[in-house]
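Structure record follows, encoded as structure tokens.
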Amino acid sequence: MSYPAFEQWRDVPLARVSLSIVVPAYNESERILPTLAAFAVAVSAMGESWELIVSDDGSRDGTADLVAGLPWANLRVLRHANTGKGGAVRRGVRAARGDLILFADADNSTPIEELPRLIAAVRAGAHVAIGSRAAEGAEEVGKSTVRRIVSGGLRRVTRLLTGVTAEDTQCGFKLFRGEVARDLFRRGVMDGFSFDLELLYLAARDGLRVVEVPVRWVDAPDSKVDPVRDSVKFLKDVLMLRRLHGSGHPPREGMHLAVVTAYPPGRRSLNEYGLHLSRVLADKPEVGHMTILADQLPAGQAAGDAPNVRRVWAFNDPLSPLRLLLALRRARPDAVIFNLQMASFGDRRVPAALGLLTPMLARALGTPSVTLLHNLFETVDLERAGFGGNPLKVQVTRAFGRLFTQALLASNLVATTLPRYVKLLREEYGAKNVFLAPHGTFQLPLPPQPFPEVPTVMTFGKFGTYKRVEVLIQAHRRLLTRDPRTRLVIAGSDTPNAPGYLAGVQAQFADVPNISFTGYVAEEDVPRVFSDSTVVAFPYSATTGSSGVLHQAGEFGRGAVMPNIGDLADLIQDEGYRAEFFEPEDPESLAEALWRVLSDPRQAAALGEANWRVASSLPLSDVADWYLLHLEELTGAAPTYTSRPQEAQA
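At position 409 of the sequence shown (counting the first as 1) the number is 409 in the UniProt record's numbering, and the numbers step up by one without a gap.
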């Protein structure tokens with residue numbers, strides 16, 4: 001056990017979590033507090049960033065109030081009417097933020113110390129790991145003879161009628177990849193005792209890898225399970241399950257939506273935006289099923305994808321449009337959203353251009369298409385963005401850029417992230433199918449973390465073209481003469497157009513102290529990188545669209561130092577972000593702007609709070625509602641426009 005780790009978890013709210021634990025509860029006031037205490041101390045010592053969600057299923061004995069009284073920063077209580085254990089777990093999964101999601105019973109019958117073995121199974125490649133009382137090596141304590149006989153019979157019937165091969169479908173200790181859990185619970189309809197079996201039935205039908213992990217299990221003396229009564233219910237539910245899902249189609253109502261995007265762990269531009277846009281759309285009650293058509297990964301890089309992610313196209317592959325159209329034909333979604341910038345499909349002219357024809361072709365072949373366009377040819381400095389060269393080639397590129405912008409406007413709808421882009425497309429192209437969809441903040445921000453004790457400048461992104469760090473390192477040299485403690489963190493990797501750029505910079509400036517190069521930053525490490533900084537620097541000489549980095553700086557309550565140019569200036573004017581400005585490519589000007597923040601904690605706090613408030617006012621989840629309004633009109637789907645359940649917002 002590690003009590004200091006528990007104290008840290010208890011007192012400091014986490015902006016991101018790798019693990020969510022959902023505990024369904026119904027009239028559990030007499031035994032839930034010892035269970036939660038055991039969970040809190042044991043899991044805190046496992047080294048996971050985690051949250052605990054108690055989903056109270058209409059308890060009448062004060063369970064919810066009792067749990068809500070615990071002063072734990074990373075504990076949430078969801079309250080809802082009584083629907084059954086499955087309904088309680090479903091609400092908890094909807095609210096969960098983790099990359100892994102465990103649901104565990106309130107009686108701690110499977111001790112929480114068994115969790116690391118399930119985590120290891122999922123991180124080794126399983127989609128679902130279930131605690132099993134029947135797998136070889138399992139241990140059962142206190143189980144009655146009646147329950148043993150009934151359980152054995154039910155397992156045989158279950159295999160016969162459903163094809164689910166797991167020996168133990170009903171143990172209340174199951175771990176899922178986060179996206180898998182959200183997808184399965186969206187399609188599931190059973191709220192009662194047999195909801196576990198439905199999940200495993202859907203998982204088996206989807207071809208997911210389900211691993212049984214032997215666990216120790218202790219029969220709680222006051223268990224609410226009645227072996228005979230609940231077995232009859234279970235058999236009825238098995239027959240109902242075959243009726244509900246026998247057609248092979250998801251039984252839940254809602255739109256089937258596809259998203260074409262770069263997607264993690266791939267490292268192409270807009271991959272994080274594609275991840276979060278897909279997530280918030282999939283969480284909407286109007287969306288019944290989500291299919292993600294993602295970019296292929298380099299050889300040897302494992303994906304670990306959820307079953308609804310299909311990697312069908314490749315960067316710089318001229319056949320990507322054909323592959324995407326075939327995938328759309330197989331998936332048959334109600335509509336498709338293309339998450340694009342002008343170089344999404346390649347940094348070579350032919351595959352990049354051909355890829356931009358895909359939305360138009362999708363519409364022509366019968367799939368309503370919406371293109372989210374993060375930049376426009378007219379606003380991109382081609383030379384700085386890596387598409388320069390011979391002036392004649394630049395002119396030809398711009399001419400073809402206009403043609404392919406016209407092709408993109410042949411989508412049913414086009415969304416852009418900045419008002420200036422909407423105006424340009426309407427005025428210069430006469431487009432009438434364009435709407436504004438602001439970038440939005442990936443998560444509903446939590447209160448910002450304190451600034452680090454050592455003044456720290458951080459820059460984040462893909463570097464080597466219009467984002468170059470030499471000017472920032474030169475400014476850092478000047479800052480060291482004012483405060484030798486100052487740190488510079490260069491977080492990110494090379495842009496595909498400039499391979500080896502950062503390695504060259506690191507060698508060139510090896511003599512400059514207090515500089516860290518992080519390399520590629522995985523999604524789960526983003527909160528730490530931002531929270532460990534005092535200010536975020538933007539060493540840009542040009543811009544190519546709305547800045548996700550600025551929105552993330554706001555999400556984590558950090559100020560910005562940037563040039564007052566292009567799309568960055570638009571974000572300051574249109575959305576209300578605040579920054580200190582410097583002259584582009586001028587290290588002295590950049591150093592002065594950084595020092596105004598680093599030397600004055602009040603200025604750093606004021607900028608950070610202002611940006612945090614802007615980020616809090618427009619989460620991507622709200623932007624997704626705007627997409628759905630347009631999609632429902634486009635597809636003719638009956639608008640639902642219902643508010644999200646209160647527990648899903650907790």
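The beta carbon of each residue, even a glycine, is placed where N, CA and C say it ideally should be.
Taken through DSSP and simplified to helix, strand or coil, glycine 288 comes out as strand. From the listed residues Lys284, Val287 and Leu325, the smallest Cα separation to leucine 293 is found for Leu325.
Looking only at Gln508, Asp600 and Val260, the smallest Cα-Cα distance to aspartate 483 is reached by Asp600. Following the DSSP letters along the chain, one finds proline 563 inside the beta strand (DSSP E) bounded by residues 559-563. With a contact defined as Cβ atoms closer than 8 Å, leucine 372 and phenylalanine 338 qualify at about 7 Å. With three or more CB-CB distances shorter than 8 Å, the stretch 75-88 counts as touching the stretch 182-199.
Remark: three or more beta-carbon pairs, one from each stretch, lie closer than 8 Å, so the stretch 167-174 and the stretch 98-109 are flagged as touching.
Separation of the CB atoms of phenylalanine 463 and glycine 492 is rounded to 6 Å, and the pair is thereby assigned contact status at 8 Å. Annotated three-state conformation of valine 454 is coil, per DSSP. Note that the stretch 408-422 does not touch the stretch 518-529; fewer than 3 beta-carbon pairs, one per stretch, sit closer than 8 Å. When Cβ pairs closer than 8 Å are counted between the two stretches, the stretch 278-293 is seen to touch the stretch 258-266, the count reaching three or more. According to the DSSP assignment, alanine 491 belongs to the beta strand (DSSP E) that extends over 487-494.
A Cβ-Cβ contact shorter than 8 Å links proline 318 with proline 351. Excluding residues up to 5 positions away in sequence, Glu167 and Asp168 lie with their Cβ nearer than 6 Å to the Cβ of alanine 134 in the same chain.
Close CB contacts of glycine 274 within its chain, under the 7 Å cut and outside five residues either way in sequence, are with Val259, Thr261, Ala262, Tyr263 and Asn339 (chain order). A distance below 8 Å between beta-carbons, with the five flanking residues on each side excluded, links aspartate 532 to the following residues of its chain, in chain order: Pro452, Thr456, Met458 and Val489. Around the beta carbon of lysine 284, 16 or more other beta carbons sit within 10 angstroms, so the residue counts as buried. Residue state for tryptophan 72 is assigned as coil, using DSSP reduced to three classes. By alpha-carbon distance to tyrosine 577, the top candidate from Pro587, Leu568, Asn611 and Leu199 is Asn611. At least 8 Å separates the beta-carbon of valine 12 from that of serine 132. The beta-carbon distance between proline 321 and glycine 355, rounded to whole angstroms, is 6 Å. This is short enough to meet the 8 Å contact definition. The three-state reading of DSSP puts arginine 613 in helix, counting H, G and I together. Shown here, serine 20 sits in a strand according to DSSP, grouped into three states.
Closest in alpha carbon position to proline 333, among Phe538, Gly288 and Val210, is Gly288. Boundaries of the beta strand (DSSP E) around leucine 372: 369-373. Non-local C-beta neighbours of alanine 121 in its own chain, meaning closer than 8 Å and more than five positions away in sequence, comprise Ala129, Leu175, Val211 and Val213, ordered along the chain. Within the stretch 510-535, the runs of beta strand (DSSP E) that reach at least 3 residues and sit entirely inside it are, in chain order, 515-519. A direct Cα-to-Cα measurement between histidine 256 and phenylalanine 582 gives close to 46 Å.
Boundaries of the beta strand (DSSP E) around threonine 261: 255-261. Here lysine 432 is exposed: its Cβ has fewer than 16 other Cβ atoms, across all protein chains shown, within 10 Å.
Proline 359 sits in a helix when the DSSP states are folded into three classes.
The residues Asp295 and Leu297, in chain order, have a CB closer than 6 Å to that of glycine 266 in the same chain once the five nearest residues on each side in sequence are set aside.
Taking a 10 Å sphere around the C-beta of threonine 35, we find 16 or more other C-beta atoms and assign the residue as buried. Excluding its 5 nearest sequence neighbours in each direction, glycine 137 has C-beta neighbours in its own chain below 6 Å: Pro214, listed in chain order. Residue range 579-582 is occupied by the beta strand (DSSP E) that includes phenylalanine 581. Linking alanine 410 to valine 370 through their CA atoms gives a straight-line distance of about 10 Å.
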